[in-house]
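Notes for the one structure printed next.
There are 2 protein chains.
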Amino acid sequence: MRGDTGIPHPCGACAFYPDSVWQPVENGSISMLARAFSRKELANGQTLFDQGSENRGVFCVSRGLIALRTHHEGGTSTLLRLAYPGEVIGFRSFLEDRLHLTEARALLPSRVCTVARRDARRLVQANPTVLARLASRCISEIDRSHERIIAAATASNKQRLAALLFDLLEAHGEREGNHLRMHLPLSRKDLADLIGVPPETLSRLVGRLGKEGFAIDGRNVAIPARTAAKAGTEPPLTKTCPAAS
Amino acid sequence: MRGDTGIPHPCGACAFYPDSVWQPVENGSISMLARAFSRKELANGQTLFDQGSENRGVFCVSRGLIALRTHHEGGTSTLLRLAYPGEVIGFRSFLEDRLHLTEARALLPSRVCTVARRDARRLVQANPTVLARLASRCISEIDRSHERIIAAATASNKQRLAALLFDLLEAHGEREGNHLRMHLPLSRKDLADLIGVPPETLSRLVGRLGKEGFAIDGRNVAIPARTAAKAGTEPPLTKTCPAAS
DNA sequence: CCCGCGGTTCGACGATCGTCAATAACAAAG
DNA sequence: CTTTGTTATTGACGATCGTCGAACCGCGGG
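Read top to bottom, the protein sequences are chains A and B. So for the first sequence, this note's numbering puts the first residue at 2; every next one is plus one. So for the second sequence, this note's numbering puts the first residue at 2; every next one is plus one.
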């Protein structure tokens, strides 16, 4: 974590250092990296960058949770991605040198590390490994997107909501007796945006899931641990047992 | 298009040479590129690589049309992307050194240029520019995917089908009088996979579009040129004029 | 010519969805 | 505590969707 110059790597103390896109970087670059590096604390709801704004660098989530969202004409919006600690955001507008197509907003009190654009570009040019790691993050984003496209094409809205809740439970849930509990970091509107339905429909889906083992009250969610393995996967049972679906 | 060695760049004669990911490449690399380079002609329906197979290199579509599709358990499949001439495919499994997650199959008689994996990797390491161009293709794929996610979340199936037909008309259509005509390169099943509905539903959508200016008979599609600007965008008109929607 | 086969369409049914409008729950501010 | 604005829910309605079964089509092989 220390180059020959004695300057410590800015990400050295980070839990995600081994996967950092800025590691390894040749020793001579560490001082530039340290100079371009900055931390930023974000309050709940604060935006890191706005849709349409100029890129200011490469961002890495260190703590909390960031939502990447695009707003369309007409006031509607789609939540494209949740970025957890260790994930890199803003790399598209950085690499392509264009305006942000999405807005980044904190859903929890968060910390984000930034490498300012000008120096980041120099670092990328001097260290091909950095570019390779950024490309790898791009591919992760492609994989994520493809999974979502496939889910939208094959699963019902209810199944997608159930799957989303499981994902969130995995990230935010805690075991409590024989239940899994969490406090949702997302509003109903955000949940609706993530699965692509209007909020009214989401309310109905939540109500229906409530009859299938999910206990959802406001932002508190709990499910029996056993449900986790199978829920959302049972077939529709179209006409044999209408009450069960 | 000629390096100091006198070996011509394999992509030199290609219409997409200016955007080739293998250009520019330092002169010493051109001979390696030429050695690793090969062309392949694909008949209609022939597969370039199978889902789950090992990556054999980086592919670039030169002529025709390639469908990238993933098969799921249960025999269903989703058509994730159409690759037109000039587009690069197979770069994810190449860059991440993993198995293909999608199948590539020709929808038209096609020509695909391949740079074999081993040498392609050397070329990427020797030429950072190549990696940068590949990253740019990754970002294009992210953008495409995001657009599709947004479309799935905001537009109705009918609107998405109309939009898809317009995209296809732009690529395959020809003006004929005051109509735009094309021969669809896609089966009904493929169309259905692209918008994420079962084939029966697609049939209904086609039928409904038939009442809105689209003339769709088998694989032949024609629309009045004027319709192109507005179709698919009119509001549902839920209760004022049921016959019109 | 008939047969069979895969791809496509159609009809009917119940389930689900989107929309509008009204209500309820809630939190921040006064 | 009340007010106020936002967020979330509910009801009702017609439209759309997914599914099943059956019919239809084109086409190649017997």
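C-beta: ideal position from N, C-alpha, C; glycine also. Small disclaimer: the values here were computed from a predicted structure and weren't measured.
What is the DSSP secondary structure of residue i, reduced to helix, strand or coil?
| i | result |
| --- | --- |
| B/C139 | helix |
| B/A156 | coil |
| A/R149 | helix |
| B/P200 | helix |
| A/E97 | helix |
| A/R118 | helix |
| B/A107 | strand |
| B/S39 | strand |
| B/E171 | helix |
| B/I90 | strand |
| A/L102 | coil |
Which partner residues does residue i have in the DSSP bridge list?
| i | result |
| --- | --- |
| B/C15 | In the DSSP output, where bridge partners are listed per residue, B/C15 has none listed. |
| A/D218 | A/N221 |
| B/A84 | B/I67 |
| A/V62 | A/V113 |
| B/M183 | B/V222 |
| A/T130 | In the DSSP output, where bridge partners are listed per residue, A/T130 has none listed. |
| A/T79 | A/T71 |
| A/E313 | It is not possible to answer for residue 313 of chain A, since the shown part of chain A is limited to 2 through 246. |
Write down the C-beta distance between residue i and residue j rounded to the nearest angstrom, noting that I regard them as a contact closer than 8 Å.
| i | j | result |
| --- | --- | --- |
| B/S297 | B/R112 | Given that chain B is displayed from residue 2 to residue 246, the structure contains no residue 297 of chain B and the question cannot be resolved. |
| A/S54 | A/L100 | 7 Å |
| B/A226 | B/N179 | 5 Å |
| B/V22 | B/R119 | Contact doesn't hold; Cβ gap of about 17 Å is too wide. |
| B/S146 | A/H73 | Going by Cβ atoms, the distance from B/S146 to A/H73 rounds to 16 Å, so no, they are not a contact pair. |
| B/L248 | B/P9 | With chain B represented from 2 up to 246, any question about residue 248 of chain B goes unanswered, as that position is not in the structure. |
| A/Q52 | A/T71 | 6 Å |
| A/L109 | A/N45 | 6 Å |
| A/V222 | A/R182 | 7 Å |
Cβ atoms of residue j and residue i: under 8 Å apart, would you say?
| i | j | result |
| --- | --- | --- |
| A/G58 | A/A136 | no |
| B/L187 | B/L203 | no |
| B/L69 | B/L81 | yes |
| A/D194 | A/S94 | no |
| A/F60 | A/G13 | no |
| A/E142 | B/I143 | yes |
| B/L96 | B/K159 | no |
| B/L132 | A/A133 | yes |
| A/A153 | A/G197 | yes |
| B/D20 | B/G87 | yes |
Measure the C-alpha to C-alpha separation of residue i and residue j and round it to an integer number of angstroms.
| i | j | result |
| --- | --- | --- |
| A/P200 | A/A163 | 16 Å |
| B/A244 | B/I151 | Residue confidence is low: B/A244 scores 32 on pLDDT, short of 50, so the model does not pin down where it sits. No coordinate-derived value is stated. |
| B/I224 | B/A37 | 45 Å |
| B/V26 | B/N128 | 6 Å |
| B/L185 | B/L169 | 8 Å |
| A/E175 | B/A16 | 57 Å |
| A/F50 | A/A107 | 10 Å |
| A/K190 | A/R220 | 12 Å |
| A/L43 | A/H173 | 19 Å |
| A/K41 | B/G211 | 55 Å |
| B/G208 | B/F167 | 17 Å |
| A/T130 | B/G29 | 22 Å |
| A/Q24 | A/R161 | 36 Å |
| A/V89 | B/E104 | 29 Å |
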